[in-house]
Amino acid sequence: MMLDSKIPDGPLAEKWSKHKFNLKLVNPSNKRKYTVIVVGTGLAGSSAAASLAELGYNVKSFCFQDSPRRAHSIAAQGGINAAKNYQNDGDSVFRLFYDTVKGGDYRAREANVYRLADVSVNIIDQCVAQGVPFAREYGGLLDNRSFGGAQVSRTFYARGQTGQQLLLGAYSAQSRQIKLGKIEQYSRHEMMDVVTVDGQAKGIITRDLITGEIESHAAHAVLLCTGGYGNVFYLSTNAMGCNVTATWKAHKRGAYFGNPCFTQIHPTCIPVSGEHQSKLTLMSESLRNDGRVWAPKTKEIAEKLRKSEIKVTDLKEEDRDYFLERKYPAFGNLVPRDVASRNAKEIVDEGRGVGKSGIAVYLDFAESISRLGEDSVRAKYGNLFDMYYQITDENPYQQPMRIYPAVHYTMGGLWVDYNLQTTVPGLYCLGEANFSDHGANRLGASALMQGLADGYFVIPYTIGDYLATIGPAAVDTSHPAFAETKKHVEERIQKLLSLKGTRTVDEFHRDLGLIMWEYCGMARSEEGLIKAKGLIQELRASFWKDAIVPGTNEEVNTSLEKAGRVADFLELGELMVDDALDRRESCGGHFRLESQTEEGEALRDDENYAYVAAWEYKADNSPEELHKEELVYENVKLSQRSYK
Amino acid sequence: MSENMNLTLKVWRQKNAEAKGQMVTYSAKNISPDMSFLEMLDVVNEGLIKKYEDPIHFDHDCREGICGSCSLHINGRPHGPKHATTSCQLHMRSFKDGETIVIEPWRAAAFPVIKDLSTNRQAFDRIQQAGGFISVNTGGVPDANEIPIPKVIADEAFNSATCIQCGACVAACKNASAMLFVSAKVSQLALLPQGQPERYRRVQAMVAQMDAEGFGHCTNTGACEAECPKEISISNIARMNRDYFTARLIKDEV
Ligand SMILES: Cc1cc2nc3c(=O)[nH]c(=O)nc-3n(C[C@H](O)[C@H](O)[C@H](O)COP(=O)(O)OP(=O)(O)OC[C@H]3O[C@@H](n4cnc5c(N)ncnc54)[C@H](O)[C@@H]3O)c2cc1C
Ligand code: SF4
Ligand code: FES
Chain B
24 MMLDSKIPDG PLAEKWSKHK FNLKLVNPSN KRKYTVIVVG TGLAGSSAAA
74 SLAELGYNVK SFCFQDSPRR AHSIAAQGGI NAAKNYQNDG DSVFRLFYDT
124 VKGGDYRARE ANVYRLADVS VNIIDQCVAQ GVPFAREYGG LLDNRSFGGA
174 QVSRTFYARG QTGQQLLLGA YSAQSRQIKL GKIEQYSRHE MMDVVTVDGQ
224 AKGIITRDLI TGEIESHAAH AVLLCTGGYG NVFYLSTNAM GCNVTATWKA
274 HKRGAYFGNP CFTQIHPTCI PVSGEHQSKL TLMSESLRND GRVWAPKTKE
324 IAEKLRKSEI KVTDLKEEDR DYFLERKYPA FGNLVPRDVA SRNAKEIVDE
374 GRGVGKSGIA VYLDFAESIS RLGEDSVRAK YGNLFDMYYQ ITDENPYQQP
424 MRIYPAVHYT MGGLWVDYNL QTTVPGLYCL GEANFSDHGA NRLGASALMQ
474 GLADGYFVIP YTIGDYLATI GPAAVDTSHP AFAETKKHVE ERIQKLLSLK
524 GTRTVDEFHR DLGLIMWEYC GMARSEEGLI KAKGLIQELR ASFWKDAIVP
574 GTNEEVNTSL EKAGRVADFL ELGELMVDDA LDRRESCGGH FRLESQTEEG
624 EALRDDENYA YVAAWEYKAD NSPEELHKEE LVYENVKLSQ RSYK
Chain X
22 MSENMNLTLK VWRQKNAEAK GQMVTYSAKN ISPDMSFLEM LDVVNEGLIK
72 KYEDPIHFDH DCREGICGSC SLHINGRPHG PKHATTSCQL HMRSFKDGET
122 IVIEPWRAAA FPVIKDLSTN RQAFDRIQQA GGFISVNTGG VPDANEIPIP
172 KVIADEAFNS ATCIQCGACV AACKNASAML FVSAKVSQLA LLPQGQPERY
222 RRVQAMVAQM DAEGFGHCTN TGACEAECPK EISISNIARM NRDYFTARLI
272 KDEV
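Going down the list, the sequences are from chains B and X. Mapping the first sequence onto this note's numbering, position 174 (from 1) lands on 197, and the numbers just tick up by one. Mapping the second sequence onto this note's numbering, position 191 (from 1) lands on 212, and the numbers just tick up by one.
Printed below as a string of structure tokens:
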């Protein structure tokens, strides 16, 4: 199949309004004859569900948590970008567009990113109307901050819990439609597969996580808003339940997977404290505004620190290496996320890491505290310092924090066209789950923006075009495709439940995470990736022989839930490795050892790799086919990033 | 850095909503003080799974104190001994080697047990659906800065908006009252100018749904505020009561 991104022609700034005009409309009185399934209740899903229900469509909404308000979006801290230019500091839709394309290291579509920047301003209006309590100034107007190294202040925020407040806004809109009967909410339900009829998405199969019942749901269209797959690395900043199952199943039913190897690694997380570690906690990157990153100058000193033979606070200046300041004098501690992360890893690989495990570097506030005073540091970062103290039992006012990078976000996801439709007609993908607008690297505060843009302002227009084409004839689950898909799901569950081996599902998951982190994380090489591919295949084979999945289907069974998700991660992992192997360039968050400058910095290769890699599933255990969507840049000039 | 600990757990086990539950004793060995409480349970569960036994079921997701999933009643207190801390943010260094820890689910008629330590809290969703919103559709809203809101009001609304819908307030209350939770949402929207048009209808609808769900009455013991992980203030309840009585006086908003 040829990839058709459906990007409208015409000047960049007019594409979206022109496109909206050209899309078919569904007659208002016909809207109630259509049913749309929305899987996921994060920012993308709940904003889509509410907006479609308001238009008059019937919506069925699904999430695996016990309430739609608990979707992973709730955990976002920092903020949401919008080109409001309230600060009069030179921001504009074009500037937000430009920064986002550049930040994504020129691997995102111009047209999509421009639309994102364009609708960003409407998002803030919508949220405020819903009662979202953004931070305000004394004059009563909205406050902004500069985030992630942006030159303008365009980030709207709600203390350290922007995600929760935005999600509660969307959840309230959704709740209103549930009460009005336009949305049927299915919480504690997991989508197990997509049902396609004649190549079009017509419904889904779900499992009731309380009774185990396998149910069929029919609809005119299906929206997957199921979030990112960072948990393929086992340890990440994602919530425990984040998984790839929904999009992976869709992939196996014909939806291409875009740029699977593009993951974002966040430099400032609290390091792993031991084997038992179940997840990682992010510390806002704003900390790098006042903290200095360093490591001991030599392996020997690091060793003594690890064994607590010397105290970090006793270490002399000449024994410290402020490696970011040393290597990148222009940007210092404020280099972008990918550069900061990669350098921390290099230090640890050299044996200069600190903490008991040796897998951390320091983030030191001593200088800021002596310059600004402890009180002003507390005013700025008090809640973060408290959180750090609570988790590590170390007081960051008295000794440097220990930090280490962690997987945070996945830019890859299902390939979608300009209408957010996957390669399966009637199947759409929104939010972090799609391959999206962030190219090879996402800027801070832009994921929330994208999720809400997709749900509030893009899908309500684009879905009408498809629905008007297929017509409002009633849908039901009587087509044999439903029974077949349901049977397929049931057989897989039985296969999982028959696993009575010796190792727990979590043990397999942890092993997979280590392979992914080591070979398909920040730095990659052909040799390492080939090795990883073999290791994943072995691990997958071993999982299907030696995992333990206790219990039955007809009960609450978290072991079964996890087993299904990890089995999918074990397949996705291999595709990520294949994608990384194909991309022989350093790009965004990924450093390809074979592609570096003489100074050892990342070297992008626009000539050969300015494309979206869209992978087509063929059959189990056989190679996927790569399709390329060439990226065309007409409005921005491609340049190598340099932070020296 | 203190040494690893050995603990005894007494855990409520209940196969499903209909089954009769009971306390079961487990030992948790070699627990690092750096583990979170839920990681300690993970370790115990890994041991159970290896013996082909049913792991202890509990709700959790973010493990960062924000999603409101985790809901453990630990040693007689919702979310355990540490002030303003959810179960997932509690660390094992709050316990001592050799200690016995009693772990139960939330106990409230409106929160029936689903399995072991997990309860059904959808009553809270239904209260939100009754009126916890501002009736605006997507699109067609004014520019965000057309509605200036004094910072003190915005901050106060924010304080109420930080509720994570966990239900600890209900679990803490001897009457299983949901007043703290409901009043937090009512207050957030009652304080903001956007919330005014539906202010009185909202409070009536949400309180009516709260009563219909079978939550108990508030007798001002203050246990909810003391156990709330987000330090939601009990003054929200007073605000809600005022609005509720005003609403009954005006009947419908004119
Ligand atoms: C700690 C942290 C901080 C962050 N901070 C920021 C920030 O400051 N600014 C920013 O812009 N971005 C931030 N991000 C990124 C951002 O939060 C996410 O990318 C975004 O919220 C994803 O939203 P979503 O709607 O796509 O998916 P999610 O919020 O992940 O929602 C996924 C939904 O899908 C459901 N689901 C998944 N699989 C299934 C299935 N098989 N069956 C049924 N339901 C399913 C889930 O139940 C859930 O409802 C942060 C991320 C993390 C981890
Ligand atoms: S008021 Fe506090 S205790 Fe009650 S649900 Fe909200 S956060 Fe939880
Ligand atoms: S698991 Fe999310 S608040 Fe505890």
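Glycine included, C-beta positions come from ideal geometry on N, C-alpha and C.
Reduced DSSP category for residue i - H, G, I as helix; E, B as strand; rest coil
i                 : result
TYR351 of chain B : coil
ASP534 of chain B : helix
TYR221 of chain X : helix
VAL275 of chain X : Per-residue confidence for VAL275 of chain X stands at a pLDDT of 48, beneath the threshold of 50, marking its modelled position as unreliable; the derived number appears in the next sentence. Coil, per DSSP.
VAL512 of chain B : helix
MET22 of chain X  : Because the pLDDT of MET22 of chain X is 48, which lies under 50, any placement of that residue in the model is unreliable, and the number read from its coordinates should be weighed accordingly. MET22 of chain X falls in the coil class under three-state DSSP.
PRO91 of chain B  : helix
PHE145 of chain X : helix
SER96 of chain B  : helix
ASP337 of chain B : helix
PRO319 of chain B : strand
ASN262 of chain X : helix
CYS610 of chain B : strand
GLY68 of chain X  : helix
CYS150 of chain B : helix
ARG360 of chain B : helix
HIS81 of chain X  : coil
GLU639 of chain B : strand
PRO503 of chain B : helix
Residue i Cβ short of 8 Å to ligand 1 heavy atom set
i                 : result
THR185 of chain B : yes
GLY250 of chain B : yes
MET263 of chain B : no
GLY611 of chain B : no
ALA456 of chain B : yes
CYS109 of chain X : no
Within 9 Å, strictly: CB atoms of residue i and residue j
i                 : j                 : result
GLY183 of chain B : GLN287 of chain B : no
ALA546 of chain B : LEU616 of chain B : yes
VAL512 of chain B : ARG230 of chain B : yes
LEU552 of chain B : PHE280 of chain B : no
TYR451 of chain B : LEU246 of chain B : yes
HIS299 of chain B : MET61 of chain X  : yes
LYS117 of chain X : LEU111 of chain X : no
CYS292 of chain B : PRO423 of chain B : no
PHE117 of chain B : GLU133 of chain B : no
ALA636 of chain B : ASN282 of chain B : yes
GLY186 of chain B : LEU66 of chain B  : yes
ARG526 of chain B : ALA570 of chain B : yes
THR446 of chain B : GLY277 of chain B : yes
ARG160 of chain X : ARG223 of chain X : In the sequence as displayed, the identity of residue 160 of chain X is Gly instead of Arg. No; because the gap between Cβ atoms is not below 9 Å, this pair is not in contact.
Any non-hydrogen atom of ligand 3 within 8 Å of residue i CB
i                 : result
GLY89 of chain X  : yes
GLU39 of chain X  : no
GLU584 of chain B : no
ASP89 of chain B  : no
SER115 of chain X : no
GLU60 of chain X  : no
CYS83 of chain X  : yes
GLY86 of chain X  : yes
According to DSSP, residues forming a beta bridge with residue i
i                 : result
GLU653 of chain B : B:TYR634
ASN81 of chain B  : B:THR58
GLN223 of chain B : B:VAL220
GLY183 of chain B : B:ALA181
* Under a criterion of Cβ closer than 6 Å to any non-hydrogen atom of ligand 2, which residues qualify, in chain order? -> Near ligand 2, residues with a Cβ at less than 6 Å from any of the ligand's heavy atoms are X:CYS184, X:ILE185, X:GLN186, X:CYS187, X:GLY188, X:ALA189, X:CYS190, X:LEU201, X:PHE202, X:ALA205, X:CYS249, X:PRO250, X:LYS251 and X:ILE253; the list follows chain order.
* In the segment 159 to 172 of chain X, which residues sit with their C-beta less than 8 Å from some C-beta in chain C, listed in chain order? -> The chain labelled as chain C is not found among the protein chains of the depicted structure, namely B and X.
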